[in-house]
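Presented below is the structure to which this report refers.
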Amino acid sequence: MHGTLRAARWRLALSTVAITSLLTGLGVAAASTAHAATGCSVDYSAEHEWPGGFTGNVAITNLGDPVDGWDLEWTFPSGQQVTQAWGATVAQSGADVTASNVGYNGSIATNGTVSFGFNGSWSGSNQAPDQFVLNGTTCTGDVSEPPPTSPPPTTAPPTTPPTTPPPDGEDPMSVVAAMEPGWNLGNSLDAVGDDETAWGNPWITQELIQNIRAEGFNSIRIPVTWSAQQGPAPSYTIDQAYLDRVEEVVDWALDEDFYVMINIHHDSWQWIVDMPNDRTNVLDRYNAIWTQVADTFQDASPRLMFESVNEPLFTGSDDALHTELLHELNVSFHEIVRDSGGNNADRMLVLPTMHTGSEQPYLDALNHTIAELDDPNLIATVHFYGFWPFSVNVAGYTRFDDEVRQDIVDTFDRVHNAFVTRGIPVVIGEYGLLGFDQHVGTIQQGEKLKFFEFVNHYAQQTQLTTQIWDNGQHYNRNAMHWRDQEFYDMLSASWSGRSGTASADQVYVEVAGQITDQTLTLNRHGTTFEGLRHGSTLLTEGQHYTVAGDQLTITASTLTDLVGSQQYGVNADLHAEFSQGAPWRISVISYDTPILQDANGATNSFAVPTEFRGDQLATMEAVYADGSNAGPHDWTSFKEFSQAFEPDYDAGVIELTSTFFDSVNDGAPVTLTFHFWSGDTVSYEVVRSGSTVTGTAG
C-alpha cells in the first residue's frame, strides 16, 4: 500500500528530491545580454533552517539603469552548498556561487525588484554572505550616478482585477469563498491502472458524494487521469464510456450543489513531463483532452470548474523553458475552453503555478499569465503540505513549533499578496501532510491536530479556499465514516472558528517512579478555558487540577486515581473544554523506559525486538563512531519516520528499512538513539555486513 500511495502522490517526490536527487541537477544557463548596473541592493535571508539544511530567499533591487539579463555572485563564508534553486539558474564552484536569471525575470527596471529562492545544506554554521555583486557591480545600496526614470515593466501583473462581468453576476472572489471547505476525491478517477479501483478505493457511488456533502464540504475536486483512456494520435479520442463515467460522477456532485473541479491529473508526470523533448505531440494530446472535455461539459452548471493541469513538471533543469511551457499549456487551455461556447464562455477556470508551488518566482510567473489572459473568471491554485521536515517527520521536527507555524504564515501571506490583493481568487487545491503518504501516524496525533487547526484558521485570515487531499486515508469510502473522528472534529471546528489546544495531548506517568503533578501549557487561541472533563464527569478546579495563566496542572492525586493499577498504555482520557471549537483530549499514559533486545537479520527485514512498555516512538538518530551522520538524509542525524524506521507496537518491534541500510557503510558500527514521547531515550548498535545485520542493545 505504501508503494501505491508513493506512486500516487508526485508532490512527495518533488519535496524529497529537493534535498536528495536534485543535488546533482544544477546547471548553468547563459543569461541574456546584460547591462552594467550602477547600483543595487540585495535582501538575503535564510528563512527556514533545520539541522544540516535551510531555505534561502534572495531579492535583488536594481538602483541603477534598467537591467536586461543578470548574474548575481556571492561567496558562502561557511561552506554552504546550494542543492536546488527556483527562479534562477545557480552554479557553484567551491564557496563561489553565481545565480543567473531565468526567462521571465531577466529584466529589472530602475528601482525594480526580482527574487529567487534555493534550498541549501550546511554544517557547523550557516553565516550569511557579506557581499553580492550584480553584473560586476557590488551591491552596497548606493548608486554611482542618479538613475534615469524608467517606466515599470510592461509584464507587471495588474494591480486591480479586470472589469469584465463574472458569470451569472457573481463576484469570482465570492464564488471561491463559497467553495470553502473543499474535499479531494483522490486516488479514484485519477488512479493509474485498469480502472478507478486500481489504487485500492471502491467504485465511486452517489451515496459517497451525498455523504461528503453532509459532512459540511462545499466543493469537491475530482482529479482525473486520462492517459489510459485515450486513443492514438492524431485524434487522441477519449473512450466514451470513461467520459460518460466522469460525467456521471460530476453530475452527482452538481446535484448535491457542490462546486466541482475536474482536471488533467497524473498525466502531468506520465507524458506531459516530456514536453521539453516532444513539444508538438504533447501539446496536441493535451489540447485533444480539453477539446473533448469542454465539448462534453459546455452546458454544465457554472458550478463546474476546469483546472488546466495538476502539479505541472517537466524533464530537465531549464526553469526558463519550464515556465514558458506551462504558460503555453495554460494559454492553450484557456483558448480551447472559451472558444467551445455554452457556459464555457465564462466558466471559472483554474490555473496552477509550476509544481503548484508557492515560491515567489512561481507566483510571479502565473501572475504574468493571468495578466496576459485578462480574464476575470480565473482562479490561481497552489498546493500546501507544510514545512517539509515536519511534514515527513525528519531532522527531529516532531512538534508543531513556532518554525512550522511561521512557514504557514509566510506561505499564505505570500500567496495572498501575489493574487488576492489583485482581485484574483485562490484555491489551495490540495493540502495535508506528506507523511500521510506512508500512514497517518507518521506525525503524532496532537501535533497533527494543531497543524490542521492553524492551517484552516490562517487560510481564512488570508482569504484562501482549502481542499483537503484525501486518497482514502481520512474518509473510509467502504464504511462511510471517518477513520479518525477526532481529526474530523478538529477539522470541521476550524471552518467556523478556532479551537483551544495544549502543548501536548499526552501525560506520561512512570510506573516505576513516584507520581507527581503534571503541567501542560494551554493554547487558548482567543477562546476561554471552561474546564476539564473525564468521560461525562466534570472535574473540580482546585481539587483535580489548577489553572494559573496558561498553565494547566493535573494533580498527583488525580493522576493516581486515573492510572489505577498502572497497566501500561492509556489508562484514561481527559478532555479540556473551551468556549468554542473541538475539545482537546489529554491521554494519561502509564509507562516505563522501553527495553530493546539483541537481534540478527537481513538488510531487507531487520527488526529490533522492543518492549515498548506503554511508551511511543517519536524519532530515531543514527551516527557512526566518529559522530558523523549515518543512513539516508546524511545532512541530519535524525532519520525520516516510516522511510528509515517504523514501530510496530502490536508485533513488539522497531523495523529498520532496506532504505536505511542502503545508505549505511558496510562494517561500520552505527549507534541508534530512539527518542520516545515520554522523553526517554534508548541506545542500540547495528552493524551491516553485506546483506546481514547484527543488532546489540546498549
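Just so you know, the sequence shown maps onto residues -36 to -1, 1 to 662 in mature numbering (1 follows the signal peptide of the UniProt record, and there is no 0). Glycine included, each C-beta is placed from N, C-alpha and C at the ideal position.
| query | Asn420 lies in the alpha helix (DSSP H); which residues open and close that run? | reply | From DSSP, the alpha helix (DSSP H) with Asn420 extends over Gln409 to Gln425.
| query | Any idea which residues DSSP pairs Ile550 with across the strands? | reply | Leu538, per the DSSP bridge assignment.
| task | State the start and end residues of the unbroken alpha helix (DSSP H) segment that holds Ser64. | result | In the DSSP assignment, Ser64 falls outside any alpha helix (DSSP H) and within the unbroken beta strand (DSSP E) covering Asp60 to Ser64.
| said: Between the alpha carbons of Ile553 and Asp366, how many angstroms are there, rounded? | reply: 26 Å
| request: Apply the 10 Å Cβ neighbour rule to Ser655 and answer buried if 16 or more other Cβ atoms are within range, or exposed otherwise. | output: Classification for Ser655: exposed.
| To the nearest angstrom, how far is it from the Cα of Phe576 to the Cα of Gly528? | 20 Å
| Start and end residues, alpha helix (DSSP H) containing Ser138 | Pro136 to Ala142
| So, using beta-carbon positions, are Leu486 and Phe493 closer together than 8 Å? | yes
| task | Could you check if Thr317 is buried or exposed, using at least 16 other CB atoms within 10 Å of its CB as the buried criterion? | result | buried
| request: Please report how far the alpha carbon of Glu84 lies from the alpha carbon of Gln91, in whole angstroms. | output: Looking at the sequence shown, residue 84 is not Glu but Gly. For Gly84 and Gln91, the distance between alpha carbons rounds to 12 Å.
| field | Same chain only: Cβ atoms within 8 Å of Arg447, ignoring 5 sequence neighbours per side | value | Val404, Gln437, His438, Tyr439 and Asn440
| Phe297 and Ser265 closer than 8 Å at C-beta | no
| C-beta atoms of Ser557 and Pro596 nearer than 8 Å | Per the sequence shown, residue 557 should be read as Thr rather than Ser. For Thr557 and Pro596, no; Cβs fall outside 8 Å.
| request: May I have a chain-ordered list of the alpha helix (DSSP H) segments no shorter than 4 residues that lie completely inside the segment 420 to 494? | output: 449 to 457
| said: With a threshold of 6 Å on Cβ separation, who are the neighbours of Asp644 within its own chain once the five nearest residues in sequence on each side are excluded? | reply: Thr557
| query | Which runs of the beta strand (DSSP E) fall wholly inside the segment 358 to 413 and span at least 3 residues, in chain order? | reply | 390 to 395
| For Ala192, which of Arg185, Tyr206, Ile186 and Asp377 has the nearest alpha-carbon? | Considering only Arg185, Tyr206, Ile186 and Asp377, the residue with the shortest C-alpha distance to Ala192 is Tyr206.
| query | Among the residues of its own chain, which have a CB less than 7 Å from the CB of Ile173, if the five just before and after it don't count? | reply | Trp216, Ala217 and Glu220
| said: Quick check on His639: does DSSP put it in helix, strand or coil? | reply: strand
| message | Quick check: Pro196 and Ser232, are their CB atoms within less than 8 Å of each other? | response | no
| message | Excluding the 5 residues flanking Asp630 on each side, which residues of the same chain have their C-beta closer than 8 Å to its C-beta? | response | Arg652, Ser653 and Gly654
| Do the segment 410 to 417 and the segment 336 to 345 make contact, defined as three or more Cβ pairs closer than 8 Å? | no
| said: Going by DSSP in three states, Asn182 sits in which element: helix, strand or coil? | reply: coil
| field | Runs of beta strand (DSSP E) lying entirely within the segment 11 to 55, each at least 3 residues, in chain order | value | 17 to 26, 35 to 39 and 45 to 50
| message | Is the beta carbon of Asp562 closer than 8 Å to that of Gly659? | response | yes
| field | Helix, strand or coil at Thr(-13) [DSSP, three-state] | value | At Thr(-13), the pLDDT of 32 sits below 50, so the modelled position is not reliable; the number obtained from the coordinates is stated separately. In this structure, Thr(-13) counts as helix in the three-state DSSP scheme.
| From which residue to which residue does the alpha helix (DSSP H) around Phe624 run? | In the DSSP annotation of this structure, the continuous segment of the alpha helix (DSSP H) that includes Phe624 starts and ends at Ser622 to Asp626.
| message | Considering Cα atoms alone, identify which of Asn241, Thr244 and Glu171 is closest to Glu212. | response | Glu171
| field | Beta-carbon spacing of Met584, Ala608 below 8 Å | value | yes
| Can you name, in chain order, every residue of its own chain whose Cβ lies under 6 Å from the Cβ of Thr62, other than the five neighbours on each side? | Within the same chain, Asp35, Glu37 and Ala55 come within 6 Å of Thr62 by CB-CB distance, once the 5 residues on both sides are set aside.
| query | Using 8 Å as the threshold, is the segment 369 to 381 in touch with the segment 423 to 434, meaning 3 or more CB pairs across them? | reply | yes
| said: Our contact map puts Ser183 next to Gly146 with C-beta atoms below 8 Å; I'd like the distance itself, whole angstroms only. | reply: 4 Å
| message | In this structure, how does DSSP classify Thr119 when only helix, strand and coil are distinguished? | response | Residue confidence for Thr119 is low, a pLDDT of 33 falling below 50, so the modelled location carries little weight; the figure read from the coordinates is stated next. Residue state, collapsed to three classes: coil.
| Runs of beta strand (DSSP E) wholly within the segment 299 to 360 (minimum 3 residues, chain order) | If one requires a minimum length of 3 residues, the beta strand (DSSP E) runs lying completely within the segment 299 to 360 are 313 to 316 and 342 to 348, in chain order.
| request: Please confirm whether Gly305 and Gln262 have their CB atoms less than 8 Å apart. | output: Annotated as proximal: Gly305 and Gln262, with beta-carbon spacing under 8 Å.
| query | So, helix, strand or coil for Tyr206, using DSSP? | reply | helix
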